[in-house]
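Notes follow once the structure below has been shown.
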Amino acid sequence: MPSKLLDALLLAMPLSPTLESWRQHLINHLNYPVQGAQSLFIGDPVLVIVSFQQDRAEVLLPSMEWRHHDMQTTKPSSRGVVDEHSGSLEQLLALVEECIALRLKSFHECSRCGKRCAPEALGSLMGEPTCRDCLKGRRVLF
24 MPSKLLDALL LAMPLSPTLE SWRQHLINHL NYPVQGAQSL FIGDPVLVIV SFQQDRAEVL
84 LPSMEWRHHD MQTTKPSSRG VVDEHSGSLE QLLALVEECI ALRLKSFHEC SRCGKRCAPE
144 ALGSLMGEPT CRDCLKGRRV LF
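Have a look at this one:
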């Protein structure tokens, strides 16, 4: 997910004071773990991605695409852009919270332990959604 090299390269182009204040606000005030620098990966597992560019912040909803039964690719989809000149921190926060709520709705309960898990962390055991922890040591396909 987060790439330290990419973030380091992007940090060579500093953000405007407005975007930097928005980025700092997200890092310091969200009730979820935040990773990354130029792109923020919010939550564990990732619930939402906020990508800061020259003059805007783009909010992305993470989604996984299975290329094979054991190979997945992250394919985030854009949920909106907040421009630094015409937008506000409140708009960005509302968009982030909306994406978090949408992502959490996609989580399912493990039929074995009852833990709510992201769809990409669930497999199937006898047709029931089962988390990776409960499937450890079993021969199953995800």
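All residue numbers for the sequence shown refer to our numbering, where the first residue is 24 and numbers rise by one. The C-beta atom is built at its ideal place from N, Cα and C for all residues, glycine as well.
Q. Where L49 and C157 are concerned, what is the direct C-alpha to C-alpha distance, given to the nearest angstrom?
A. In the sequence shown, the residue the question calls residue 49 occupies position 26. In the sequence shown, the residue the question calls residue 157 occupies position 134. Going from the Cα of L49 to the Cα of C157 covers about 34 Å.
Q: Determine, using beta carbons only, whether P99 and L115 come nearer to each other than 9 Å.
A: Counting from 1 along the sequence shown, the entry for residue 99 is found at position 76. Counting from 1 along the sequence shown, the entry for residue 115 is found at position 92. The answer is no: Cβ separation not under 9 Å.
Q: With a 10 Å radius around its C-beta and 16 neighbouring C-beta atoms as the bar for buried, classify A141 as buried or exposed.
A: Numbered from 1 along the sequence shown, position 118 holds the residue referred to as residue 141. With 16 or more Cβ atoms within 10 Å of its Cβ, A141 is classed as buried.
Q) Relative to the C-alpha of R139, which residue among L148, R102, T153, S74 is closest? A) Position 116 of the sequence shown, counting from 1, holds the residue named residue 139. Checked all of L148, R102, T153, S74; the closest Cα to R139 is T153.
Q) Can you tell me where the beta strand (DSSP E) with S147 in it begins and where it stops? A) Position 124 of the sequence shown, counted from the start, is the residue given in the question as residue 147. Start and end: 145 to 148.
(Q) Considering only the alpha carbon of each residue, which of M87, P68, S44 lies closest to F75? (A) Taking the first residue of the sequence shown as 1, we reach residue 75 at position 52. Checking every option, the nearest Cα to that of F75 belongs to S44.
Q: Just list the alpha helix (DSSP H) runs in the region 58 to 126, keeping only unbroken ones of 4 residues or longer that don't cross its boundaries, in chain order.
A: none
**Q.** Where R46 sits in the DSSP three-state scheme
**A.** Translated into positions along the sequence shown, residue 46 becomes position 23. In the structure shown, R46 sits in a helix (DSSP, three-state: H, G or I).
Q. Which value, in whole angstroms, describes the spacing of the CA atoms of V105 and L148?
A. The residue you call residue 105 lines up with position 82 of the sequence shown. The residue you call residue 148 lines up with position 125 of the sequence shown. Roughly 42 Å between the two C-alpha positions.
(Q) At the level of alpha carbons, what is the spacing between S129 and Q47? (A) Taking the first residue of the sequence shown as position 1, residue 129 is located at position 106. Taking the first residue of the sequence shown as position 1, residue 47 is located at position 24. Each residue's Cα considered, the two are about 28 Å apart.
**Q.** Simplified DSSP state of R139, which is helix, strand or coil
**A.** Position 116 of the sequence shown, counted from the first residue, corresponds to residue 139. DSSP places R139 in strand when its eight states are reduced to three.
(Q) Would L145 and H131 qualify as a contact pair, given that the criterion is a beta-carbon distance under 9 Å? (A) As a working mapping, residue 145 is identified with position 122 in the sequence shown. As a working mapping, residue 131 is identified with position 108 in the sequence shown. In contact: L145 and H131 (Cβ atoms closer than 9 Å).
Q. Are the CB atoms of D67 and S39 nearer to each other than 9 Å?
A. In the sequence shown, counting from the first residue as 1, residue 67 sits at position 44. In the sequence shown, counting from the first residue as 1, residue 39 sits at position 16. Not a contact, by the Cβ cut-off of 9 Å.
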